[in-house]
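When the letters of the sequence shown are read in order and numbered with UniProt numbering, they come out as residues 1 to 255.
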Amino acid sequence: MVASMTTLIRRTYPLTSRCNSLATIAAIQSQTQLPRESLQHHSSAEGRLRFSGRVFCSESGGEERRSSGCWNCGEKAAFLFCNSCRSIQPVDDSVDYFQIFGLEKKYEIDPGSLEGKYKDWQKKLHPDLVHNKSKKERDYAAEQSAKVTEACRTLTKRLSRAMYIMKLNGVNVNEEETITDPTLLMEIMELRETISEADDSTALNQIRSQVQEKLKHWSDSFVEAFESQRFDDAVKCIQRMTYYERACEEIVKKL
Ligand SMILES: [Zn+2]
Numbered sequence: 001m002v003a004s005m006t007t008l009i010r011r012t013y014p015l016t017s018r019c020n021s022l023a024t025i026a027a028i029q030s031q032t033q034l035p036r037e038s039l040q041h042h043s044s045a046e047g048r049l050r051f052s053g054r055v056f057c058s059e060s061g062g063e064e065r066r067s068s069g070c071w072n073c074g075e076k077a078a079f080l081f082c083n084s085c086r087s088i089q090p091v092d093d094s095v096d097y098f099q100i101f102g103l104e105k106k107y108e109i110d111p112g113s114l115e116g117k118y119k120d121w122q123k124k125l126h127p128d129l130v131h132n133k134s135k136k137e138r139d140y141a142a143e144q145s146a147k148v149t150e151a152c153r154t155l156t157k158r159l160s161r162a163m164y165i166m167k168l169n170g171v172n173v174n175e176e177e178t179i180t181d182p183t184l185l186m187e188i189m190e191l192r193e194t195i196s197e198a199d200d201s202t203a204l205n206q207i208r209s210q211v212q213e214k215l216k217h218w219s220d221s222f223v224e225a226f227e228s229q230r231f232d233d234a235v236k237c238i239q240r241m242t243y244y245e246r247a248c249e250e251i252v253k254k255l
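See the structure below:
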């Protein structure tokens, strides 16, 4: 019974997490198609240890590309562009998404400042502006652009941002982990029914604002759990955020 309900819910709320709240970003995304980086790409056996049934990864042991200096002039390279010779640098995997936008590594961020900084990067890396550069640099620019877009997409939504900051702290969250809490399962089923029965935009918008309140509530609980390093509780908050996020997507599809 529990398993079949979970399957049903999964089918109803397919896994998508895009930052479609920002229209401009969506427009740019269509120009720069990029693969969605898996939040669970730490699959190497090295540096892993089990903790409370979840996989913890150390930050070392990956195949990260770290820049040692500008590929062109050898100066200490800055992110994206070399400050001395202005050549475009390859993606530096040691730079995390928060650093790309000059943000403090904190869950709570100012979405306005993220959007502004995202636009600045995309302007600098726009294909029209780098077309006179060498093939190598154009390729680097495309890679950088994809990374910046993925970074923005990840940090924009509460859920993906929560999962990402957990990952930076060595915790990979499995979104698809089966829910065993019967109260939560019941609530999800009821919510799903309410959404499918709502037949006008007023009703749907009303449900959406209720769901968004819940999302905010669990997001606040996540902050508390995360900041006090109660990672198991933080994972539970993420699990709830996942379902409310999916419910929101379902509502948007019907609107
Ligand atoms: Zn240089």
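The C-beta atom is built at its ideal place from N, Cα and C for all residues, glycine as well.
Secondary structure of residue i, DSSP reduced to three states
i, result
"Phe81", "strand"
"Val173", "coil"
"Ala142", "helix"
"Lys167", "helix"
"Arg198", "In the sequence as displayed, the identity of residue 198 is Ala instead of Arg. If DSSP states are grouped into helix, strand and coil, Ala198 belongs with coil."
"Glu193", "helix"
"Phe98", "helix"
"Ile179", "coil"
"residue 326", "Nothing in the structure corresponds to residue 326, since the chain is present only between 1 and 255."
"Cys152", "helix"
"Ser160", "helix"
"residue 257", "As shown, the chain starts at 1 and ends at 255. That puts residue 257 outside it, with no answer to give."
"Glu187", "helix"
"Lys147", "helix"
Own chain residues within Cβ distance below 6 Å of residue i, not counting five before or after
i, result
"Cys248", "Val211"
"Ala234", "Phe222, Ala225, Phe226"
Element boundaries [alpha helix (DSSP H), containing residue i]
i, result
"Val91", "First-last for Val91: undefined, no H or E at that position."
"residue 263", "No information on residue 263 is available, as it lies outside the stretch 1 to 255 that the chain covers here."
"Arg208", "201 to 227"
"Lys254", "231 to 254"
"Asp128", "127 to 130"
Sub-8 Å separation of residue i and residue j beta-carbons
i, j, result
"Leu125", "Ser145", "yes"
"Tyr97", "Thr149", "no"
"Pro90", "Trp121", "no"
"Tyr118", "Ala162", "no"
"Ala151", "Ile88", "no"
"Val173", "Ile238", "yes"
"Leu103", "Thr156", "no"
Same chain, Cβ closer than 8 Å to residue i, five either side skipped, listed in chain order
i, result
"Lys254", "Ile195, Ala198, Leu204"
"Asn132", "none"
Test: residue i CB closer than 8 Å to a CB of chain C
i, result
"Leu125", "In the displayed structure, chain C is absent; only one protein chain is listed."
Proximal residues to residue i (C-beta, below 7 Å), its chain only, five neighbours per side dropped
i, result
"Phe51", "No answer about Phe51 holds up, because its pLDDT of 33 lies below 50 and its placement is not dependable."
"Cys82", "Cys70, Asn72, Cys73, Glu75, Gln89"
At least 3 beta-carbon pairs within less than 8 Å: the region 212 to 221 vs the region 231 to 249: yes
Sufficient close CB pairs (3 or more, under 8 Å) joining the region 226 to 238 to the region 134 to 145: no
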